[in-house]
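Participant: Offset between the sequence shown (1-based) and UniProt numbering: plus 41.
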Amino acid sequence: IGQLLPTNSNEPPLVFHWFPFIGSTVTYGMDPPTFFKENRAKFGDVFTFVLLGKKTTVAMGPSGNDFVLNGKLKDVCAEEIYTVLTTPVFGKDVVYDCPNAKLMEQKKFMKIALTTEAFRSYVPIISHEVTDYFKRCADFKGKSGVVDIPKRMAEITIFTASHALQGSIIRNKFDVSLAALYHDLDMGFTPVNFMLHWAPLPWNRKRDHAQRTVAKTYMDTIVERRAMGDADKELDMMKHLMNSTYKNGTKVPDHEVAHMMIALLMAGQHSSSSTSSWIMLRLAQYPHIMEELYQEQVKVLGADLPPLKYEDLAKLPLNQAIIKETLRLHAPIHSIMRAVKSPMPVPGTKYVIPTSHTLLAAPGVSASDPAYFPNPDAWDPHRWEVDSPNAPTIIRNAVVEDEEKIDYGYGLVSKGSASPYLPFGAGRHRCIGEHFANLQLQTIVAETVRHYKFRNVDGGNTLIGTDYASLFSRPLEPANIHYEERD
Ligand code: HEM
């Protein structure tokens with residue numbers, strides 16, 4: 042009954058629930074997008090639900106995205122939410138275990154490292170890793186067969202990202218010891234650890250041991266690489282961070298480089314590996330699109346398909362659209378949260394969000410809203426062509442993005458947070474890995490279509506469901522597809 046009597050008429054409507062602490066945790070946790078859509082239909086773009094005892098206010102649509110993601114530092118705070126989960130995994134003094142101004146500097150170092158020159162060197166590295174993986178992976182041994190694709194994509198993602206971003210010394214350690222340690226680190230990245238991060242549970246013990254061991258491996262490698270001097274020719278992120286200096290003149294300490302390396306690999310791993318898995322599942326669902334991708338390469342690069350170069354990627358629009366469209370329907374991060382630091386009036390409404398609430402943005406909701414994306418549930422990479430009947434309204438009206446730029450301390454970024462399409466977030470916490478992820482995914486897809494034809498195991502066009510049990514949404518496993526080698 043208490044729920045039906047609003048305590049404060051300026052607070053958004055509260056989703057009804059039976060049990061005080063649990064609130065809507067279970068219905069939200071099982072399927073966040075459906076939970077958002079159903080409650081949006083009842084309450085509109087702004088409403089509150091109880092998540093593990095905490096009132097959580099969702100703000101949806103382009104203006105909701107803007108309200109949360111472009112919130113001012115005095116109003117919203119990300120580290121207060123995330124640090125309990127991330128600090129034991131990444132380590133001290135980086136990302137959310139430091140003041141926001143320091144994170145902005147760290148993001149600037151990371152962003153500066155991702156130059157065109159570096160990208161040019163990454164495409165052959167990634168191409169080689171993918172081709173080599175297909176050759177040695179037991180699951181791809183036959184001319185044709187069935188493969189559980191998320192497992193394979195997880196490995197391809199970690200081999201390609203570690204080689205490109207962390208250099209060949211670290212990459213080679215993945216074959217020996219690092220893969221298992223990262224697996225243990227990953228176990229700390231589970232939603233129950235929002236509450237139990239401190240508990241001496243078996244998975245937290247493994248997490249802590251893995252964190253210390255992985256960080257030491259990086260620190261030893263830093264020493265090794267410094268000793269190599271000019272003989273070390275690689276253009277990776279690790280090398281750049283080893284040579285970076287904070288504005289106050291302090292060189293980035295080795296333990297911070299090590300911890301940033303862990304953070305980057307973890308941030309990229311889940312998002313990119315989930316995205317590449319969805320891409321492969323979609324290609325298995327629609328084999329004719331996989332054929333179109335192959336023909337696009339033949340047409341643009343020539344029938345002999347020379348080794349891929351960085352410049353080639355820009356010439357393959359369908360290959361690019363595959364990623365855009367997959368991120369529209371399968372964005373790996375369904376909920377972006379912030380603590381509220383001062384009461385926040387929601388523009389255009391009577392609501393004021395109190396400091397006792399958490400704010401939540403769900404850009405995936407606007408990305409599948411028919412108001413912006415005609416026929417939103419159809420996975421149609423061609424919709425990103427201007428004359429497609431399914432073209433997003435943002436493209437049709439030629440307002441591709443709000444081009445106003447802003448600098449939060451890590452370089453200019455598009456201010457466009459009032460956009461319906463934000464798979465990489467917006468504002469001060471926007472992704473710095475977007476261009477790397479695109480390059481990595483485009484190269485993986487381009488190489489895969491050169492090697493294989495995919496289809497669903499039963500020859501039909503059903504798609505596997507989504508697993509929301511971890512922090513990142515990904516395909517339910519096993520997610521088997523049928524592959525056949527190209528001649
Ligand atoms: C932040 C998505 C790949 C590094 C973010 C955010 C999103 C996102 C939505 C904002 C989180 C927030 O506001 O709380 C994605 C997607 C990816 C991807 C969809 C791939 C498809 C990567 C990669 C890297 C990376 C490959 C590293 C090379 C980061 C970092 C942040 C971030 C450092 C900043 C966190 C902050 O400032 O709080 N990403 N990401 N991401 N991402 Fe990515």
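For each residue, glycine too, the CB sits at the ideal point set by N, CA and C. Quantities reported herein were computed from a predicted structural model and do not represent experimental measurements.
For the beta strand (DSSP E) containing Arg-379, list its first residue and its last residue.
Facilitator: Counting along the chain, the beta strand (DSSP E) containing Arg-379 begins and ends at 377-381.
Participant: Between which two residues does the alpha helix (DSSP H) containing residue 559 stretch?
Facilitator: Lying outside 42 to 528, the shown extent of the chain, residue 559 is not represented and no answer is given.
Participant: Whole angstroms is fine: what's the gap from Gln-207's alpha carbon to Cys-139's?
Facilitator: Straight-line Cα distance between these residues: approximately 23 Å.
Participant: Taking Gln-361 as the reference, give the member of Val-135, Val-486, Thr-68, Ser-514 with the closest Cα.
Facilitator: Checking every option, the nearest Cα to that of Gln-361 belongs to Val-486.
Participant: To which residues of the same chain is His-423 closer than 8 Å at the C-beta, ignoring the five residues directly before and after it?
Facilitator: Taken in chain order, the residues that qualify are Leu-359, Ala-362, Ser-429, Asn-431.
Participant: Would the C-beta of Ser-313 count as close to the ligand HEM, meaning under 8 Å from any of its heavy atoms?
Facilitator: Under cutoff, so the answer is yes.
Participant: Which same chain residues end up closer than 6 Å to Arg-496 when comparing Cβ atoms and leaving out the 5 residues on each side of it in sequence?
Facilitator: Contacts found: Ala-325, Pro-328, His-523.
Participant: Using the C-alpha atoms, what's the distance from Glu-332 back to Ser-318?
Facilitator: For Ser-318 and Glu-332, the distance between alpha carbons rounds to 18 Å.
Participant: Measuring straight from C-alpha to C-alpha, what distance separates Ser-314 and Gln-481?
Facilitator: Straight-line Cα distance between these residues: approximately 10 Å.
Participant: Could you give the first and the last residue of the continuous alpha helix (DSSP H) run that contains Glu-337?
Facilitator: From DSSP, the alpha helix (DSSP H) with Glu-337 extends over 328-342.
Participant: If you measure between the beta carbons of Leu-110 and Ser-383, is that distance less than 9 Å?
Facilitator: No. Outside cutoff.
Participant: Return the chain-ordered list of same chain residues with a C-beta closer than 8 Å to the C-beta of Ala-520, the five sequence neighbours on each side being excluded.
Facilitator: Cβ within range, chain order: Asp-189, Ile-190, Pro-191, Ser-318, Leu-322, Ile-505.
Participant: Enumerate in chain order the residues of its own chain whose CB-to-CB distance from Phe-414 is below 6 Å, with the five nearest sequence positions on each side excluded.
Facilitator: The residues are Pro-433.
Participant: Consult DSSP for Ser-455 and reduce its assignment to one of helix, strand or coil.
Facilitator: The answer is strand: DSSP assigns Ser-455 an E or B state.
Participant: So which of Arg-193, Asn-141, Ile-210 has the shortest CA-CA distance to Ala-179?
Facilitator: Nearest C-alpha to Ala-179: Arg-193.
Participant: Checking the sheet assignment: what are the DSSP bridge partners for Asn-497?
Facilitator: Answer by DSSP bridge pairing, in chain order: Ile-522.
Participant: Pull up the DSSP beta-bridge partners for residue 536, would you.
Facilitator: This structure gives no information on residue 536, because the portion of the chain shown stretches from 42 to 528.
Participant: So is the beta-carbon of Gln-481 under 8 Å away from any non-hydrogen atom of the ligand HEM?
Facilitator: Yes; taking the cut-off as 8 Å, the Cβ of Gln-481 has a heavy atom of the ligand HEM nearer than that.
Participant: For a quick check, are the C-beta atoms of Leu-222 and Thr-201 less than 9 Å apart?
Facilitator: Against a cut-off of 9 Å, the Cβ pair of Thr-201 and Leu-222 comes out as no contact.
Participant: Does the beta-carbon distance from Val-99 to Phe-77 come in below 9 Å?
Facilitator: For Val-99 and Phe-77, yes; Cβs fall inside 9 Å.
Participant: Could you check if Cys-139 belongs to the surroundings of the ligand HEM, using beta carbon to heavy atom distance under 8 Å?
Facilitator: Cys-139 Cβ: outside cutoff for every heavy atom of the ligand HEM.
Participant: If we ignore side chains and look at the alpha-carbon of each, how far apart do Phe-181 and Thr-489 end up?
Facilitator: Taking the straight line joining both Cα atoms gives about 12 Å.
Participant: Closer than 8 Å: is that where the CB of His-470 sits relative to any heavy atom of the ligand HEM?
Facilitator: Yes, the beta carbon of His-470 sits closer than 8 Å to at least one heavy atom of the ligand HEM.
Participant: Looking only at its own chain, which residues have a Cβ that is under 8 Å from the Cβ of Met-145, when we skip the five neighbours before and after it?
Facilitator: The residues are Tyr-449, Gly-450, Tyr-451, Arg-469.
Participant: Could you pull the start and end residues of the beta strand (DSSP E) that Phe-90 belongs to?
Facilitator: Phe-90 -> beta strand (DSSP E) spans 87-92.
Participant: Check Met-385 in the structure and name its three-state DSSP category.
Facilitator: Three-state result, Met-385: strand.
Participant: Do Ile-473 and the ligand HEM come close, with the Cβ less than 8 Å from some heavy atom?
Facilitator: At least one heavy atom of the ligand HEM is nearer than 8 Å to the Cβ of Ile-473, so yes.
Participant: Relative to the alpha-carbon of Met-279, which residue among Asp-528, Gly-290, Val-264, Asn-289 has its alpha-carbon at the smallest distance?
Facilitator: Nearest option by C-alpha distance: Val-264.
Participant: Between the alpha carbons of Gly-105 and Arg-379, how many angstroms are there, rounded?
Facilitator: In a straight line, the C-alpha of Gly-105 is about 13 Å away from that of Arg-379.
Participant: Which value, in whole angstroms, describes the spacing of the CA atoms of Arg-246 and Leu-226?
Facilitator: Their backbone Cα atoms lie some 10 Å apart in a straight line.
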